[in-house]
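Colleague: Sharing a structure with you now.
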Amino acid sequence: MKAFFLKYYKTIAIGALMLAGLSLLVYPLVANTWNNHVQSTIVKDYEATVEAAIQEGTLDVQAELDKATVYNEELLPSILPDSFAEAEANGVDSNYMSILNANDDGVMGYIQIPSINVKLPIFHTTNDDVLQIGVGHLEGSSLPIGGPNTHSVLSAHRGLPSATLFTDLDKVEVGEDFFIIIMDEYYAYEVDRIDVVEPDDTSLLAVQPGKDLCTLITCTPYGVNTQRLMVTGHRVEYTPTLLADAKTPTFGAVSLHTNYLLWVIVGLAIVGAFILLLYLYDRKRTKKEQA
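Converting from the sequence shown to the working numbering requires adding 8 to each position, the first position being numbered 1.
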């Protein structure tokens with residue numbers, strides 16, 4: 009055994025390093041697959057709970073929407089935090105947490121962005137524990153139920169190795185639609201502007217008189233995160249065909265960062281090539297030793 013190890017220790021060491029490297033490549037795929045399952049389960053549980061509560065008469069959708077409307081009407085422009093850090097530092101309002109909280113778990117609905125294959129739960133607040141698993145609603149902005157004089161702000165992480173979230177938000181283009189589902193109500197928004205701003209710049213998030221807006225926010229540039237990417241849409245009429253016919257992802261709409269399977273295939277190809285080279289090298293060396 010010792011002789012075998014001494015003879016092949018380089019091969020064993022290189023093989024171990026390659027397996028370690030392959031594990032690092034596989035981790036994002038496994039972690040992201042698991043988190044996609046978790047996020048999908050949260051959305052399905054939300055839909056099932058809402059549907060059951062409506063049928064049982066324990067959830068009055070219109071009453072919940074009316075509460076959210078009152079909340080939005082009572083918001084003042086000055087309430088919107090001057091920065092996202094300030095929003096996270098502020099205490100959570102119990103009244104805010106009680107509105108649109110059908111499951112009593114902080115989930116107020118979910119968002120679909122067909123062009124980048126996103127379907128994520130929306131939670132109250134933008135606390136970090138929320139942003140690890142889904143989209144957070146920025147407290148102080150309008151609750152996402154639409155209506156004139158509203159501007160909802162939804163935020164999610166970008167570039168987490170364990171979850172896609174808003175990593176591909178930079179692939180969304182003007183003219184594309186995204187959808188917000190609150191209880192059994194669907195709200196459609198058409199992207200009309202895309203901006204990159206400094207982290208403390210919230211000037212574009214103010215309510216605009218008469219308009220119904222929603223802005224999606226994430227960090228940018230990828231991996232640097234020194235600025236904020238804002239994708240803003242205005243409300244359009246929702247129809248089931250609008251969602252069914254929405255643009256779906258193409259290869260170019262999925263960044264290399266989130267094409268985890270491609271990275272695994274490349275990693276396997278590299279490992280396979282190294283193993284083949286090592287085999288040929290050892291075979292050649294063995295022949296020389298036997299000559």
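Cβ atoms here follow ideal geometry from the backbone N, Cα and C, with glycine treated the same way.
These figures come from a predicted structure and were not determined experimentally.
Nearest-angstrom Cα distance between Phe131 and Met116?
Modeller: Looking at the two C-alpha atoms, the distance is approximately 6 Å.
Colleague: Using CA atoms only, rank isn't needed, just tell me which of Lys255, Val51 and Thr175 is closest to Asn111.
Modeller: If we check each option's Cα against that of Asn111, Val51 comes out closest.
Colleague: Compute the Euclidean distance between the alpha carbons of Met61 and Gln70, then round it to the nearest angstrom.
Modeller: According to the sequence provided, residue 61 is Ala. The question's Met does not apply to it. Their backbone Cα atoms lie some 13 Å apart in a straight line.
Colleague: When the distance is taken between beta carbons, is Gly231 closer than 9 Å to Gly167?
Modeller: Yes, Cβ-Cβ distance for Gly167 and Gly231 is below 9 Å.
Colleague: If you draw a straight line from the alpha carbon of Leu151 to that of Gly183, how long is it in whole angstroms?
Modeller: About 23 Å.
Colleague: Sorted by chain position, which residues of the same chain lie with C-beta nearer than 8 Å to Ser48's C-beta, five sequence neighbours on each side aside?
Modeller: Excluding residues within five positions, the ones whose Cβ falls inside 8 Å are Lys127.
Colleague: Check whether the Cβ atoms of Ile121 and Leu177 sit closer than 9 Å, and answer yes or no.
Modeller: Yes. Within cutoff.
Colleague: Measure the C-alpha to C-alpha separation of Glu82 and Val38 and round it to an integer number of angstroms.
Modeller: Cα to Cα, the separation comes out at about 44 Å.
Colleague: Could you name each continuous beta strand (DSSP E) segment of 3 residues or more that falls completely within the stretch 98-170, going from the start of the chain to the end?
Modeller: Listed in chain order, the complete beta strand (DSSP E) runs (minimum 3 residues) inside the stretch 98-170 are 115-121, 126-132, 143-145 and 158-163.
Colleague: Where does Val78 land, buried or exposed, given buried means 16+ other C-beta within 10 angstroms?
Modeller: It counts as exposed.
Colleague: Using 8 Å for Cβ pairs, my map puts Leu250 next to Asp185. What's the rounded Cβ distance?
Modeller: Contact holds; Cβ gap of about 6 Å.
Colleague: Pick from Ile107, Glu147, Pro248 and Pro229: whose alpha carbon is nearest that of Lys179?
Modeller: Residue Pro229 is the option with its Cα nearest to Lys179.
Colleague: Within this structure, are the beta carbons of Gly241 and Cys227 separated by less than 9 Å?
Modeller: No, the pair does not count as a contact, with Cβ atoms beyond the cut-off.
Colleague: Leaving aside the five residues before and after Lys255 along the sequence, list all residues of the same chain whose C-beta is less than 7 Å from its C-beta, in chain order.
Modeller: Here the set comprises Pro122, Ser123 and Glu184.
Colleague: For Ala196, list the residues DSSP reports as bridge partners.
Modeller: Paired residues: Phe187 and Val244.
Colleague: For Gln235, which residues does DSSP report across the bridge?
Modeller: Partner(s): Thr228.
Colleague: Have a look at Val199, Pro207, His145 and Gly154 and flag the residue whose alpha-carbon is nearest the alpha-carbon of Gly218.
Modeller: Comparing Cα positions, the closest option is Gly154.
Colleague: Tell me whether Thr223 sits in a helix, a strand or coil according to DSSP, three-state version.
Modeller: Residue state, collapsed to three classes: strand.
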